[in-house]
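K.L.:
Okay, here's the structure, questions in a sec.
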Amino acid sequence: MNYKIKIIFIVFILLSCDNKENKNYNSPRIKSKLKIDSPNYNEVFKKGDSINIKVTSNSQTNKIIESILYIENDTTKFLSRLNISSNELTRYGRHNFSIISKFDDGSTEKINKSFLLYPKNKPTEKNYTIVKILPHDQNTYTQGLLIDQKDFLESSGQYGKSYIRRINSETGKVINEKKIDENLFAEGITTYGNKLYMLSWKSNKGIILNKNNFKIIGEIKYNTEGWGLTTYKDNLIMSDGTEKLYFRDPNTFNIKKIIEVYDHNGKVENINELESINGKIYCNIYAKDIILIIDPETGLVESRINLNNLFKRENYNDKIDVLNGIAYNKDNNSIIVTGKWWPSMYELKIN
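Here it is in structure tokens:
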């Protein structure tokens, strides 16, 4: 027999033996003794509903002697049944919970599940009055808008065309402009102290600038898309086009907590531009002419403002895109809204 053939034959025999040994020592899957009978996975509850928690033992010989529910950083001891009021839960959306049960043989098992909490009532409808129509550069693809020292700070998007501007809020004259790296698609902006934060769309990073001279002084990183950004108390709140709002540390940009935005129909996605106003978060929904008013502590959509008749697209022949840009005028207690490539800004009084 050829030497090479001998080597191949020996290797084949060894591998065959190894496979046989492995087959002999494959252990069967151990079936869990613990089962959550209710609630069902992703079952929907409305605020005010009672949530029935029920666990049972799959074992014919072992009984549950104690269980502990872990939900929203709280724990509750029970045996096998427990009713909790959804009014005790502090936020809307998906609630992940865990149950650890102890059996009479001394063993314990843990199981995880989730349910969804919807608001009971529809958002209220708010009306508006147009206070003033202001000039707006119709070449600006507005992504973020705010008022700082009576000037507008505005970011404009698109690859190779992104920039940030400081603009006189009365005349529309550009005071300062900063071109953004052509590889970044500028998105939402906000200020914190003397810093100006700007997100980018799909690059997983943004920049920090001195808000007075637009000098770049830092960088922020994140794992999602970047859409809207605002400042709420000692947090930066960021949207990523989903139903989630991320509360971030202004110094590290680390996530402090996440809330989900829900109305009576379920989760609200495509959350875009954000503005913090009197303890609430105003946001627009991408590709819709509406603004939502959100409770930042619970994720509840409290109110909505329908802006479908604000800009008459049928009377405008130049290029135009969606509503985007919300700024708060503290002096007048009003909001200024505009859109991508819109020729005007609108100062609105919310009734």
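Under this note's numbering, the residues of the sequence shown are numbered -10 to 340, in order.
Where is the CB? At the ideal position from N, CA and C, for every residue including glycine.
Measuring only the C-alpha atoms, how far is ILE54 from ILE196?
P.N.:
55 Å
K.L.:
Which class does ASN259 belong to by DSSP, given the choice of helix, strand or coil?
P.N.:
In the structure shown, the three-state DSSP call for ASN259 is coil.
K.L.:
Reducing DSSP to helix, strand and coil, say where ASN267 ends up.
P.N.:
coil
K.L.:
So is the beta-carbon of LEU71 under 7 Å away from any non-hydrogen atom of the ligand NAD?
P.N.:
Among the ligands in the structure shown, none appear at all, so the ligand NAD cannot be discussed.
K.L.:
In whole angstroms, what separates the C-alpha of MET334 from that of GLN138?
P.N.:
Straight-line Cα distance between these residues: approximately 18 Å.
K.L.:
Short of 8 Å in beta carbon distance, which residues of its chain neighbour PRO108, apart from the five on each side in sequence? Order them along the chain.
P.N.:
Here the set comprises LYS35, LYS36, TYR81, TYR251, ASP252, HIS253, LEU289 and VAL290.
K.L.:
Please report the Cβ distance between CYS272 and ILE280, rounded to the nearest whole angstrom; I am assuming they are in contact, meaning their Cβ atoms lie under 8 Å.
P.N.:
7 Å
K.L.:
Could you give the residue range of the beta strand (DSSP E) that holds ARG155?
P.N.:
152 to 157
K.L.:
Do three or more CB pairs link the region 317 to 336 to the region 125 to 136 at distances below 8 Å?
P.N.:
yes
K.L.:
Straight-line CA distance for SER90 to SER228?
P.N.:
38 Å
K.L.:
Considering only residues of the same chain and omitting the five flanking positions on each side of LYS43, which have a CB-CB separation below 6 Å?
P.N.:
The answer, listed in chain order, is ASP26, SER27 and ARG70.
K.L.:
So LYS301 and THR118 are supposed to be a Cβ contact under 8 Å. How far apart are they, rounded?
P.N.:
Not quite, the Cβ-Cβ distance comes to about 17 Å (not below 8 Å), so this is no contact.
K.L.:
DSSP three-state label for GLU214, please.
P.N.:
If DSSP states are grouped into helix, strand and coil, GLU214 belongs with coil.
K.L.:
Starting from ALA316, trace the beta strand (DSSP E) in both directions and tell me its first and last residue.
P.N.:
ALA316 -> beta strand (DSSP E) spans 312 to 318.
K.L.:
Find the nearest neighbour of ASP38 within the set PHE236, ASN62 and ILE73, judged by alpha-carbon distance.
P.N.:
ILE73
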